[in-house]
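Peer 1:
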Amino acid sequence: MKTNLIKQEGLKFKVLSEDQVKQVHYSTLDVLARTGVKIECEEALHLLKDAGCYVEGYLVKLPPYLVQWAIDVCPEQVLLYDRLGNPKLSLRGYNTYFGLGPTLLNMIDPQTGKRRRFLREDVAKAAKIVDALSNIDWVMGLGTISNLPYEYSDRYEFEAMVKNTIKPIVIWSYTKEGLGDIVEMASAVAGNLEKLIQKPFIVSYSEPISPLTGDKNGIEKLLLAAQYGIPIIHTPCPQGGATAPATLAGEIVQANAENLSSLVIAQLKRKGVPFFIGGVLTIMDMSTAVMAYGAPEKDLALAAYMDIAHYYGIPTWGTAGCTDSKIIDGQAAIEATFSCLFSFLSGANLVHDTGYMESAKTGSLEMIVMVDEIIGYIKRIMRGIRVDEETLATEVINDVGPGGNFLTHKHTLKHSREEIWEPSLTDQKIYSKWVDDGSRRMSDRIKDKVKYILENYVPQPLPEKVEKKIKKIMDRLK
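This is the structure in structure tokens:
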């Protein structure tokens with residue numbers, strides 16, 4: 480007889496109670512209806528006014544029923560594919576997948592270890608590293624290319640990514656024209672636009688401006704992505720104490736208002752277009768005026784905001800695997816680990832900014848590789864413990880008996896690989912073996928792995944006909 484049997488389905492937690500979630504929701508509706516948002520795009524203003532919003536100049540006040548409508552019609556899940564057309568990321572519930580971020584100005588050079596400006600070749604190297612790693616699931620451009628004209632560099636960024644990884648890509652376009660060119664290239668990879676929409680391997684990323692502003696460029700990109708039917712991230716980046724309230728609850732309310740107003744615009748343009756809500760909810764360090772990217776408040780606020788998103792049933796966008804540290808050290812490991820753990824526990828779906836250092840100013844291939852190891856460690860914990868007749872191993876214990884040995888038992892051979900996590904970087908050798916191998920630190924092993932991937936790993940190339948189509952599009956920029 481089995482009593483009080485509870486099936487363990489993995490670890491998760493909530494920061495906010497159901498009542499607190501509702502408090503945030505109704506406070507958000509109050510801000511949207513009473514104060515409103517600034518929208519600097521004529522097409523969006525017309526859509527909002529026709530839907531029943533109060534519009535005066537650029538100021539828009541949204542009625543609660545319209546916000547609720549947008550929440551209701553937004554898909555509860557998004558399935559992303561790789562560029563070969565294989566389903567890869569099921570973005571729903573508590574499924575969590577990690578990737579890079581965009582627009583960093585600097586890069587830690589993988590050869591010299593020195594900090595320098597971000598270059599075109601860094602995009603390709605980062606994509607190649609991600610393609611080779613097992614726990615980084617999707618790619619983004621990582622930085623802003625400094626050795627190409629800014630107005631075209633988003634196209635070169637996408638070209639470098641799609642040539643060096645088959646994994647899904649989140650795209651940051653600088654203008655709606657850039658987004659159009661990137662969608663054209665992605666359509667060439669998929670076969671055509673219809674196939675791209677059916678099996679999307681790209682997501683369009685843009686941002687509002689905190690507090691409560693949708694600028695013309697960002698909203699135009701949101702509208703074009705919605706017109707195509709491409710999954711959309713239009714994520715706020717409020718900074719508590721600077722561009723948002725200093726209280727985490729207040730920052731969450733503001734971020735939610737920025738997210739939901741953008742969601743309304745997207746759904747008015749194309750009902751049912753996939754949309755993610757989330758963001759980068761940081762704080763300003765009051766002693767340095769620096770955006771604290773590794774602070775516990777960021778992880779706590781984001782975890783709480785995931786509770787709001789799960790309440791709505793909308794796929795989520797998170798932030799983790801990053802640090803305020805300038806080098807690969809204990810601080811970097813601590814901050815990256817806790818942010819990744821919180822992302823898993825709170826059920827953030829697409830989690831970005833892996834590899835970020837120096838308060839979101841500098842990127843590092845070594846940081847990406849270290850975080851890949853951290854994620855693997857946490858994945859094993861999140862998988863939990865399977866408890867059933869086979870894993871309880873009662874008969875095995877009885878079979879081996881007192882003083883016996885389980886090493887050669889068939890049960891051990893069957894289960895050891897699936898039960899035990901095998902690290903790729905973490906040292907588990909005996910001391911004498913570690914000394915014999917050069918007493919190498921974690922940072923040494925990370926450098927070796929980066930070097931090996933860059934020198935030996937070969938991503939799957941694009942078909943020749945697709946390369947030609949992309950080249951034709953890129954040649955228009957010259």
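Counting from 480, one number per residue, gives the positions in the sequence shown under my numbering. For each residue, glycine too, the CB sits at the ideal point set by N, CA and C. The structure presented is a predicted model; accordingly, all values stated were derived computationally and were not measured.
By the three-class DSSP mapping on this structure, what secondary structure does Asp-764 have?
Peer 2: strand
Peer 1: Can you list, in chain order, the residues of its chain whose CB lies under 6 Å from that of Ile-698, leaving out five sequence neighbours each side?
Peer 2: Cys-520 and Ala-523
Peer 1: My guess is that Val-641 and Arg-562 are in contact by the Cβ rule of under 8 Å, so how many angstroms apart are they, rounded?
Peer 2: With a Cβ gap of about 6 Å, Val-641 and Arg-562 count as contacting.
Peer 1: Assuming Ile-648 and Ile-681 form a contact by the criterion Cβ under 8 Å, report the distance between their Cβ atoms to the nearest whole angstrom.
Peer 2: 5 Å
Peer 1: Here's a check: name, in chain order, each residue in its chain whose Cβ is nearer than 6 Å to the Cβ of Trp-617, leaving out the five neighbours to either side.
Peer 2: Gly-578, Lys-646 and Pro-647
Peer 1: I need the DSSP call for Leu-484, collapsed to helix, strand or coil.
Peer 2: Caution is warranted here: a pLDDT of 41 is assigned to Leu-484, below 50, making its placement in the model unreliable, and no coordinate value can be reported.
Peer 1: Please determine if the stretch 540 to 551 and the stretch 733 to 752 are in contact, where contact requires at least 3 C-beta pairs separated by less than 8 Å.
Peer 2: yes
Peer 1: For a cutoff of 9 Å on Cβ pairs, would you count Leu-524 as touching chain D?
Peer 2: Checking the listed chains, one finds no chain D in this structure; it contains a single protein chain.
Peer 1: For Ala-512, tell me which candidate among Val-534, Lys-928 and Glu-497 has the shortest Cα-Cα distance.
Peer 2: Val-534
Peer 1: Going by the beta-carbon positions, is the gap between Phe-755 and Ile-793 smaller than 9 Å?
Peer 2: yes
Peer 1: Can Gln-718 and Met-763 be called in contact, C-beta distance under 9 Å?
Peer 2: For the 9 Å CB-CB criterion, Gln-718 and Met-763 form a contact.
Peer 1: How would you call Ile-813, buried or exposed, if buried means at least 16 neighbouring beta carbons within 10 angstroms?
Peer 2: Here Ile-813 is exposed: its Cβ has fewer than 16 other Cβ atoms, across all protein chains shown, within 10 Å.
Peer 1: Go ahead and label Ser-959 buried or exposed: buried means 16 or more other beta carbons lie within 10 angstroms of its beta carbon, across all protein chains shown.
Peer 2: The structure shown has nothing for residue 959, since the chain only spans 480 to 957.
Peer 1: Leaving out five residues before and five after Glu-730 in sequence, what residues of the same chain have Cβ atoms less than 7 Å from its Cβ?
Peer 2: Pro-717, Gly-719, Ala-723, Pro-724, Leu-760 and Ala-780
Peer 1: Identify which residue in Lys-805, Ile-857 and Pro-940 has its Cα closest to the Cα of Gly-592.
Peer 2: Distances from the alpha-carbon of Gly-592 to those of Lys-805, Ile-857 and Pro-940 put Lys-805 closest.
Peer 1: From Tyr-653 to Pro-687, what does the alpha carbon distance come to, in whole angstroms?
Peer 2: 13 Å
Peer 1: Tell me the rounded alpha-carbon separation between Ala-811 and Cys-801.
Peer 2: C-alpha separation (whole angstroms): 7 Å.
Peer 1: So Glu-837 and Asp-803 are in contact, right, with Cβ under 8 Å, and what is the actual spacing, rounded?
Peer 2: 7 Å
Peer 1: Report buried or exposed for Thr-833, applying the criterion of at least 16 other Cβ atoms within 10 angstroms of its Cβ.
Peer 2: buried
Peer 1: Thinking C-alpha only, which one of Ser-632, Lys-948, Leu-559 and Ala-872 is nearest Leu-621?
Peer 2: Ser-632
Peer 1: Count the other CB atoms within 10 Å of the CB of Ile-550; is the residue buried (16 or more) or exposed (fewer)?
Peer 2: So Ile-550 counts as buried.
Peer 1: Could you check if Lys-944 is buried or exposed, using at least 16 other CB atoms within 10 Å of its CB as the buried criterion?
Peer 2: Using a 10 angstroms sphere on the CB of Lys-944, the tally of other CB atoms stays under 16, which defines it as exposed.
Peer 1: Roughly how many angstroms lie between the CA atoms of Asn-483 and Thr-507, to the nearest whole one?
Peer 2: The predicted position of Asn-483 is uncertain, since its pLDDT is 42 and thus under 50; a value taken from the coordinates is nonetheless stated next. Cα to Cα, Asn-483 sits roughly 40 Å from Thr-507.
Peer 1: Counting C-beta neighbours from all protein chains within 10 Å, is the total for Lys-486 16 or more, i.e. buried, or is it exposed?
Peer 2: Summary for Lys-486: the model assigns pLDDT 47, below 50, so the residue's position carries little reliability; its value from the coordinates is reported in the next sentence. Exposed.
Peer 1: With H, G and I counted as helix, E and B as strand and the rest as coil, what does DSSP make of Val-752?
Peer 2: The answer is coil: DSSP assigns Val-752 none of H, G, I, E or B.
Peer 1: Based on Cα-Cα distance, which residue from Ile-857, Leu-691 and Ala-721 lies nearest to His-713?
Peer 2: If we check each option's Cα against that of His-713, Leu-691 comes out closest.
Peer 1: When we look at the beta-carbon of Arg-634 and count the other beta-carbons within 10 Å, is it buried (16 or more) or exposed?
Peer 2: buried
Peer 1: So for Lys-528, helix, strand or coil by DSSP?
Peer 2: helix
Peer 1: For Ser-911, count the other beta carbons within 10 Å of its own beta carbon; 16 or more makes it buried, fewer makes it exposed. Which is it?
Peer 2: exposed
Peer 1: On the three-state DSSP scale, how would you describe Tyr-560?
Peer 2: strand
Peer 1: With distances taken Cα to Cα, identify the nearest neighbour of Ala-705 among Leu-933, Ser-666, Lys-928 and Gln-746.
Peer 2: Gln-746
Peer 1: Mapping DSSP to helix, strand and coil, what is Tyr-790?
Peer 2: helix
Peer 1: Mind the definition here: the stretch 580 to 595 touches the stretch 856 to 865 only if three or more C-beta pairs lie below 8 Å; say whether that holds.
Peer 2: Short answer: they don't touch.
Peer 1: Based on the DSSP secondary-structure assignment, which residues constitute the bridge partners of Trp-651?
Peer 2: Tyr-684
Peer 1: Using three-state DSSP, classify Asn-877 as helix, strand or coil.
Peer 2: helix
Peer 1: Just to confirm, is the Cβ distance from Phe-637 to Ile-661 under 9 Å?
Peer 2: yes
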